Ligand SMILES: Nc1ncnc2c1ncn2[C@@H]1O[C@H](COP(=O)(O)OP(=O)(O)OP(=O)(O)O)[C@@H](O)[C@H]1O
Ligand SMILES: Nc1ncnc2c1ncn2[C@@H]1O[C@H](COP(=O)(O)OP(=O)(O)OP(=O)(O)O)[C@@H](O)[C@H]1O
Ligand SMILES: [Mg+2]
Ligand SMILES: [Mg+2]
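Residue numbers (the numbering used here), protein chains in the order written: chain A, 4 to 244; chain B, 1031 to 1285; chain C, 29 to 330; chain D, 180 to 517; chain E, 2 to 362.
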């Protein structure tokens, strides 16, 4: 198991956002986490990534293990630089005052392999040719979709082999959404492990190998994508039919 | 007569032409759609219509009046209200206050009334509050009247934002991606809400949306733009099958 | 004519100090959007540190003046940056951790400045200190324009510091990280960047520049007193903002601009109107460019 | 009946204060501390309107105070006192009681007009750019005063004591404490009513999302103007009272240092908390008086205490809540938020 | 029991410090000798020092606190006019004697029977400088650089200008430049001044600024004479200014070098005790305090009733016809201002302030 989450309980102040959830992700998998708004999906990712205060959710119980080691007390930046985990956060959070190129370069902060960085950059520009066109533009003036590409591209630049995505398709045109999902598939085929959060559950399940359904802080269902797609409960509540 | 008429409008950001020679007219009483690729200039069009930007060239005519030179709040007073792509509620004020403040253009009393608590002030304040409660009641948000938006679920925040826009008493309501970030069941609720508003309020709705189910379900007429220019317009059926729209926007859903 | 050239030279020297201090303001601001109001007082402490270091080296070790100067520069910069970093660790960081509104950090900075001033007053007494002269000052007179080697040294140093800082901020990854933090702190650790290290680095840079400025200032204006940093600090802040706060070029140009305006107003108008005219000019600049000379308005995508 | 509770309590308080002062049961020293406390209350609440509720960072409050102080001083001396420059008194001294509040208000109005100086740039600029515009405004005011010799320049201006004495001669009452009390209450009352009206709530709306405010029908320029002018106007009132308490004004009293003192009071109390501002102004004044024996160390201890306080309450004493949020029973007397 | 209303923090902490040191020395003297003898009885002195933070409002509350809470017999200070004028009002209203050692603003004592001062007024010192310069430097033209925000400096500069131009005609003051209190760079003003080529520069500034100004004037090539006023008279001047100030003149209250008798004794003892030569504030505080003490003695006896004693002290003070202070002998006019001589001193090559000339009104 690459990532194991065991009985995770998380609080924001007095609000209990996660009531003890467990799940795991294996190397080379695409796993998706679906659930209604406010179910605690983002909270789960933020707990894994140990975001700095004051945004940080507080883990009160349970454990998060990466490659069998607890990562609960590691510093957030070492997750990226040592463990090669990258997060594409909800709402993109690109650095609007930097150019596209600078955003991408910055993500290689902890990397020393100049050659690898070059190759990675080429790869990202291949995946998102639009970014190449806008290379020297201040990134805050990019359109929503372009920003989303930048956020994904930036995560890739860290040289990660485990990618966490939080609603990457939000605000994307259908065309781009499909393109993005195809890109994710391709990345996975190239060896990337992916944990995906997505509102569009059917799309997500079509892409993923396995899925988990989160409901108000508790794990409501889990299984392979097929099992979930065919589960009548899930169908009714999350697949809009 | 059209409620909104956009006449050969162009808008530039520095060298970038975000909207170019655009002509659109919106007929009263309908729900219309605006779709287009990311960065096509949709939000920019809404920003221009709501007076936040002034067009580099061309005119915008709302209900027979040219909005050139008007400030956004003046355009709002003409009857144009909107929601935002990213929710922009006043997060640290109650839902009720959010609703009341957006009646600022028709408060009908002055600073001195407020400080002296004149009769006029008392009367208008209670009217405003009553109207706000009525609106919240109608949208079944009344339970949240004294909640702070930041503590509400995302879907409810979207709804509050729509309620806030309605409290302006608009003739034209612009919705910028109302379904973004909503899950499937919330999307259904949203569709019903918009339908209900369109049936029960004297308001024309124009929405930007990337969720095709929503657009196809709600809109009777859709405009698709790319690079700030109209590439297609028509009924949902026409749009869905328009090859230009497919290649520039809808894409291929085979993953 | 000579007096014009002379005043340009005066303005360059005086502007150098504004620029050096403004750079420190802008660096910290550029990263934390924190107006570090204690910075003027860090500069004052820098001057005092320079004083103690120099007198120690002069009297106890008996080094010659130039030797003292060469040693005093790094030592002063080092000790002053300790002061800056301590402020960050003790006062600002805990507040940041608690998610306080940034203006509370600003007020804390203001308080920290007061503490520095009055602790100095309480410890060292009210007597002013005379800074020892370290280098033989040569007065040159070329065609009626009078200048000294010190004056040239100051101007040169300010320019060099600018080039260095500008390079760090615009070209290096650490500089990019600094700018990124100012825009969106949330996502910075996701890039594998240790946020606290970057912030500490920023404070080291900013306060060591203040230390350097303190040393040069003490050499040029050798009367030290606890309140010497307050006014020049405020004005340097103004210079930084007029240049476009958060922007290195802005702070540099803003500093020289403010120096030039102050000097030129005195040279041309009755000197009693100096503040009046100088600040009016700044208001006009901000009226024309509301985000300062180099500042870029932050886009709000709606 | 309930509606008038507070008014009655205040009137009684005023009467008691006047009586105690008249009979010299509270000494002049305590009284002067009380008066400066009142002035600090006006200053901090009025600055809170701009810095807390509107979320700007104005650092030049003392400049407006100076405008109010000088305008009302010159006016008062012109009308009621013999002066080297302004000649003999124009009005009968017995009128002074009636005219004095007018003089103070005119001082306030003059300061409000000066507030325009800041309000207009605020249409285009926000945050820290505006901060230095206010600092510059502060410097400009001081510089103007220093350059006008008829009002004494750096030497300062005096003669206001004779106006105060004229009031005391007409009816023997401790006039200054009474006026300070009345104006303090009045200021807090005006601000409270303003910000609790839907009209006034446009101000925090600008703070929380200016773009949304403008697009959702708030005339942001007008609101900013109202807020700035109200804030600076009240600072002017505070300045006027300050001048008459001291009987002497000097530009050195209104420098940026004074402004920062007010800033500290605002943030100490909590941004956007009116009762917080009142409370912190009172505490701050008392703290400074109480720590007098520490002499030089005082100005090390006071900031240190404040820094400590911020570590424990990083949102100020009250955050953005009001007193009744902590003591719900107070609501029985008065609804602070209606 | 005497109160001191002095600035220990704020703009001018040195002033407060000097006052305090000087007063402490005096107190030790008198208490060491068993106390102050008034009407046959000996009283131990108690001095209360209160910090007015160099702020006007603080000076007022300080004054009230001293007068009311601490029940002092008389108050010394505040020193600078910004505080002394409003505090004087308070003292006068509350019928307590106040004596400001250092304030030079006429308003401080004007029409205030309870308020006195120990320093001479600006109108006197200006002409002293004019006359001296005319004689010593054979000056026909002058330039002035003063502190705009400091009413002492400004007042003196203006009086000097009026007097000088009265003597040598319109325009004989070739440059009249100002700066701010906390300024550190004066190069532009000095450039203007030096380009005007005056016969000498009049510099009614505080000693700390003098040090900077003289240095910068030198760097800009000035080699002519400079003349200052009493605010130069600090031991720190030489420390801060070094060799550059040597040879210049200033008018002041007393000359340290060549001082005789009580003055010399004071200087020597102060220097021995605190390791620095007393500045003018110290000397004036010494005198001011002694004047008050003499006033108390003149009152005849202390009844223990505050208002009565205070009144007696005031009467005692007004009745002093001649007082031999270390800053010269003086008497008070009807406003409570002293009538005394000024001396002009030269800064010698040893860095001492040498008596050159005495000018009396
Ligand atoms: N910073 C915070 N402080 C307090 N409560 C929070 C915070 N962030 C999230 N919550 C609460 O925690 C719960 C889970 O939120 P979370 O953002 O994880 O949901 P989500 O599944 O990602 O929803 P969405 O689909 O809307 O993104 C919600 O009830 C939310 O209100
Ligand atoms: N303030 C601005 N300055 C410069 N360029 C801008 C600005 N705002 C938008 N643009 C550019 O204008 C184009 C249109 O942007 P707009 O936000 O209108 O797109 P959109 O159609 O709403 O896209 P999305 O669906 O992603 O929201 C984009 O290319 C964008 O980069
Ligand atoms: Mg989420
Ligand atoms: Mg958009």
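C-beta atoms are modelled at their ideal positions from N, C-alpha and C, and glycine is treated no differently. Please read all numbers here as calculations on a predicted model, not as lab measurements.
Inset, instruction - Answer yes or no: the CB of residue 1160/B versus the heavy atoms of ligand 2, is any distance below 7 Å? - result: Walking along the second chain from the start, residue 1160/B turns up at place 130. Not so, every heavy atom of ligand 2 lies at least 7 Å from the Cβ.
Inset, instruction - State the start and end residues of the unbroken beta strand (DSSP E) segment that holds residue 222/A. - result: Residue numbering aside, residue 222/A sits at position 219 when the first chain is read from its first letter. Element bounds for residue 222/A: 221 to 227.
Legend entry - According to DSSP, residues forming a beta bridge with residue 168/A: Translated into the one-based positions of the first chain, residue 168/A becomes position 165. Answer is 91/A and 199/A.
Inset, instruction - Assign residue 1225/B to one of three DSSP states: helix, strand, or coil. - result: Position 195 of the second chain, counted from the first residue, corresponds to residue 1225/B. Helix, per DSSP.
Inset, instruction - Decide if the stretch 214 to 227 of chain E is in contact with the stretch 190 to 204 of chain E; the criterion is three or more beta carbon pairs, one per stretch, under 8 Å apart. - result: yes
Legend entry - contact_flag[the stretch 113 to 127 of chain C, the stretch 200 to 220 of chain E] where n(CB pairs < 8 Å) is 3 or more: no
Legend entry - residue 1181/B CB to nearest heavy atom of ligand 2 below 7 Å: Taking the first residue of the second chain as 1, we reach residue 1181/B at position 151. Incorrect: residue 1181/B has no Cβ contact closer than 7 Å to ligand 2.
Inset, instruction - Spell out whether any CB of chain D is found under 8 Å from the CB atom of residue 1082/B. - result: Reading the second chain from its first residue, position 52 is the one you call residue 1082/B. True, the Cβ-Cβ gap to chain D drops below 8 Å.
Inset, instruction - Quick one: list the residues of chain A neighbouring residue 157/C, beta-carbon separation under 8 Å, in chain order. - result: For the purposes of this step, residue 157/C is taken as residue 129 along the third chain, with counting starting at 1. Here the premise fails: no neighbours, minimum Cβ distance about 42 Å.
Inset, instruction - Compare the C-beta of residue 42/C against all C-beta atoms of chain D and say whether one is closer than 8 Å. - result: On the third chain, position 14 is the one that residue 42/C refers to. Residue 42/C does not count as touching chain D.
Legend entry - residue 348/D, DSSP secondary structure in three states: Locating residue 348/D in the fourth chain gives position 169, counting from the first residue. It is helical.
Legend entry - Candidates 1284/B, 1215/B, 1227/B and 1248/B: closest to residue 236/A by CA position: On the first chain, position 233 is the one that residue 236/A refers to. Here the closest residue by C-alpha is 1215/B.
Legend entry - 8 Å Cβ cutoff met for residue 80/E and residue 278/E: Translated into positions along the fifth chain, residue 80/E becomes position 79. Translated into positions along the fifth chain, residue 278/E becomes position 277. No, these two residues do not count as a Cβ contact at 8 Å.
Inset, instruction - For ligand 3, enumerate in chain order all residues having a CB closer than 7 Å to any of its heavy atoms. - result: 44/A, 45/A, 93/A, 169/A, 170/A and 200/A
Inset, instruction - Identify, in the order they occur along the chain, each residue of the same chain with its Cβ nearer than 6 Å to the Cβ of residue 291/D, setting aside the five sequence neighbours on each side. - result: Numbered from 1 along the fourth chain, position 112 holds the residue referred to as residue 291/D. The residues are 408, 411 and 412.
Legend entry - Burial state of residue 190/D (16 or more Cβ within 10 Å): The count along the fourth chain starts at 1 and reaches residue 190/D at position 11. Residue 190/D is exposed by the Cβ-count criterion.
Inset, instruction - Verify whether the separation of the beta carbon atoms of residue 75/C and residue 256/C is less than 8 Å. - result: The residue you call residue 75/C lines up with position 47 of the third chain. The residue you call residue 256/C lines up with position 228 of the third chain. Yes, Cβ-Cβ distance for residue 75/C and residue 256/C is below 8 Å.
Legend entry - Which listed residue (346/E, 340/E, 258/E and 356/E) has its alpha carbon closest to that of residue 124/E: Start at 1 with the first residue of the fifth chain, and residue 124/E comes out as number 123. Looking at the Cα atoms, 340/E is the closest of the given residues.
Inset, instruction - Note down the Cα distance separating residue 377/D from residue 1178/B, rounded to an integer number of angstroms. - result: Residue numbering aside, residue 377/D sits at position 198 when the fourth chain is read from its first letter. Residue numbering aside, residue 1178/B sits at position 148 when the second chain is read from its first letter. One C-alpha to the other measures close to 17 Å.
Inset, instruction - Kindly indicate if chain A contains any beta-carbon less than 8 Å away from that of residue 322/C. - result: Against the third chain, residue 322/C aligns to sequence position 294. No, because no Cβ of chain A sits closer than 8 Å to the Cβ of residue 322/C.
Inset, instruction - Confirm, please, whether the CB-CB distance from residue 419/D to residue 248/D is below 8 Å. - result: In the fourth chain, counting from the first residue as 1, residue 248/D sits at position 69. In the fourth chain, counting from the first residue as 1, residue 419/D sits at position 240. It is a contact, given that the beta carbons lie within the stated cut-off.
Inset, instruction - Could you name the residues of the same chain whose beta carbon sits closer than 7 Å to that of residue 302/C, not counting the 5 residues immediately before and after it, in chain order? - result: The count along the third chain starts at 1 and reaches residue 302/C at position 274. Closer than 7 Å at Cβ, skipping near neighbours: 290, 293 and 294.
Inset, instruction - State yes or no: is the C-beta of residue 1073/B nearer than 7 Å to some heavy atom of ligand 4? - result: Your numbering for residue 1073/B matches position 43 in the second chain. Flag set: Cβ of residue 1073/B near ligand 4.
Inset, instruction - Kindly give me the distance between the Cβ atoms of residue 177/E and residue 130/E, rounded to whole angstroms, as I take these residues to be in contact under 8 Å. - result: Looking up residue 177/E in the fifth chain gives position 176. Looking up residue 130/E in the fifth chain gives position 129. Wrong, their Cβ atoms sit about 14 Å apart, outside the cutoff.
Legend entry - Residues of the stretch 37 to 69 of chain C whose Cβ lies closer than 7 Å to any Cβ of chain D, in chain order: 63
Legend entry - Nearest to residue 137/A (by Cα), restricted to the options 199/A, 103/A and 30/A: Residue 137/A sits at position 134 when you count from the first residue of the first chain. Checking every option, the nearest Cα to that of residue 137/A belongs to 103/A.
Inset, instruction - Assign residue 246/E to one of two classes, buried (16 or more other C-beta atoms within 10 Å of its C-beta) or exposed (fewer than that). - result: Taking the first residue of the fifth chain as 1, we reach residue 246/E at position 245. The residue is buried, with at least 16 neighbouring Cβ atoms inside 10 Å.
Inset, instruction - May I ask whether a heavy atom of ligand 2 can be found less than 7 Å away from the beta carbon of residue 53/E? - result: Against the fifth chain, residue 53/E aligns to sequence position 52. Because no heavy atom of ligand 2 lies under 7 Å away, the Cβ of residue 53/E does not count as near it: no.
Inset, instruction - With DSSP as the reference, please indicate the residues paired to residue 237/C in a beta bridge. - result: The residue you call residue 237/C lines up with position 209 of the third chain. DSSP, once it has assigned bridges, lists no residue as partnering residue 237/C.
Legend entry - Which residues DSSP lists as bridging residue 6/E, in chain order: As a first step, residue 6/E must be located in the fifth chain, where it is residue number 5. In DSSP, residue 6/E forms a bridge with 51/E.
Inset, instruction - Would you check if the distance between the CB atom of residue 45/C and the CB atom of residue 260/C is smaller than 8 Å? - result: In the third chain, residue 45/C corresponds to position 17, counting from 1. In the third chain, residue 260/C corresponds to position 232, counting from 1. Yes, Cβ-Cβ distance for residue 45/C and residue 260/C is below 8 Å.
Inset, instruction - For residue 150/A, verify whether its CB is less than 7 Å away from any heavy atom of ligand 4. - result: Sequence index remark: in the first chain, residue 150/A carries index 147 (1-based). No, the beta carbon of residue 150/A sits no closer than 7 Å to any heavy atom of ligand 4.
Legend entry - 8 Å contact criterion, which residue 99/A and residue 211/C should meet: CB distance rounded: For the purposes of this step, residue 99/A is identified with residue 96 of the first chain, where counting begins at 1. For the purposes of this step, residue 211/C is identified with residue 183 of the third chain, where counting begins at 1. Between residue 211/C and residue 99/A the Cβ distance is about 6 Å, and since that is below 8 Å, they are a contact.
Legend entry - Integer-rounded CB distance, given that residue 48/E should sit under 8 Å from residue 28/E: Counting from one through the fifth chain, the residue named residue 28/E turns up at place 27. Counting from one through the fifth chain, the residue named residue 48/E turns up at place 47. Going by Cβ atoms, the distance from residue 28/E to residue 48/E rounds to 5 Å, so yes, they are a contact pair.
Legend entry - Closer than 7 Å at the beta carbon, the chain A residues around residue 1280/B: Translated into the one-based positions of the second chain, residue 1280/B becomes position 250. 177 and 178, listed in chain order.
Legend entry - Local conformation of residue 63/C per DSSP, three classes: On the third chain, residue 63/C is found 35 positions in, with the first residue counted as 1. DSSP places residue 63/C in coil when its eight states are reduced to three.
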